[in-house]
Amino acid sequence: KATALMKGRDHVRPEDIRSIAHDVLRHRIILTYEGKALGISTDTIIDEILKKIPVE
338 KATALMKGRD
348 HVRPEDIRSI
358 AHDVLRHRII
368 LTYEGKALGI
378 STDTIIDEIL
388 KKIPVE
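Numbering of the sequence shown is given in the working numbering, commencing with residue 338 and proceeding in unit increments.
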């Protein structure tokens, strides 16, 4: 809601959610050693989540 408000809107749009998703979720994801060894990053995981969950 704060992002929308800073942009002069009183409602949240999907792009508001997408624009803050990485900053909000990055510190909440803990990679396993296997994930680290495979070169998977938290940003990759968040990108996959955003692709799979419809934000409308």
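Just so it is clear, CB atoms sit at the ideal spot from N, CA and C, and this is done for glycine as well.
| Asked | Found |
| --- | --- |
| The stretch 361 to 378 touching the stretch 345 to 352, judged by at least three CB pairs closer than 8 Å | no |
| Exposure of residue 357, with buried meaning 16 or more beta-carbon neighbours within 10 Å | exposed |
| Beta-carbon gap between residue 390 and residue 362 smaller than 7 Å | no |
| Cutoff 8 Å; reference residue 344; Cβ partners in own chain excluding five residues on either side | 353 |
| Same chain only: Cβ atoms within 8 Å of residue 341, ignoring 5 sequence neighbours per side | 347, 348, 349, 350, 353 |
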